[in-house]
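Engineer:
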Amino acid sequence: REMSFEERLREFNMKPDRADVIEFALEIYVKVMKWTRAQKIHVPKIGISDGMIRSLYEEMKEKG
7 REMSFEERLR EFNMKPDRAD VIEFALEIYV KVMKWTRAQK IHVPKIGISD GMIRSLYEEM
67 KEKG
């Protein structure tokens, strides 16, 4: 069943910016899984922006 924005916030304890886009993100995941005939998908615990920040931090740390 479809959930409202408020239900997603309450039921899954999501941040508003995540609850707003999760529906579309899941649609993309499902389409990619069907296209690739994947049975499983690995979802990282950190997002792309988190990974980019970490990478930049490591690079700057190496340079001193």
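All the letters of the sequence shown, read from the start, carry residue numbers 7 to 70 under the working numbering.
Each residue gets a CB set at the ideal place from its N, CA and C atoms; glycine is no exception.
Is it buried or exposed for Ala31, if we count other Cβ within 10 angstroms and need 16 for buried?
Structural biologist: When all chains shown are included, Ala31 counts as exposed.
Engineer: Please look up how many angstroms separate the CB atoms of Ile28 and Met20, rounded, as I've assumed it's under 8 Å.
Structural biologist: Their Cβ separation, rounded to whole angstroms, is 7 Å, which keeps Ile28 and Met20 in contact under 8 Å.
Engineer: How long is the line joining the alpha carbons of Lys67 and Glu13, rounded to whole angstroms?
Structural biologist: Distance between the alpha carbons of Lys67 and Glu13: 42 Å.
Engineer: In whole angstroms, what separates the C-alpha of Thr42 from that of Glu33?
Structural biologist: Computed Cα separation, rounded: 14 Å.
Engineer: For Pro22, which three-state DSSP category applies?
Structural biologist: The answer is helix: DSSP assigns Pro22 an H, G or I state.
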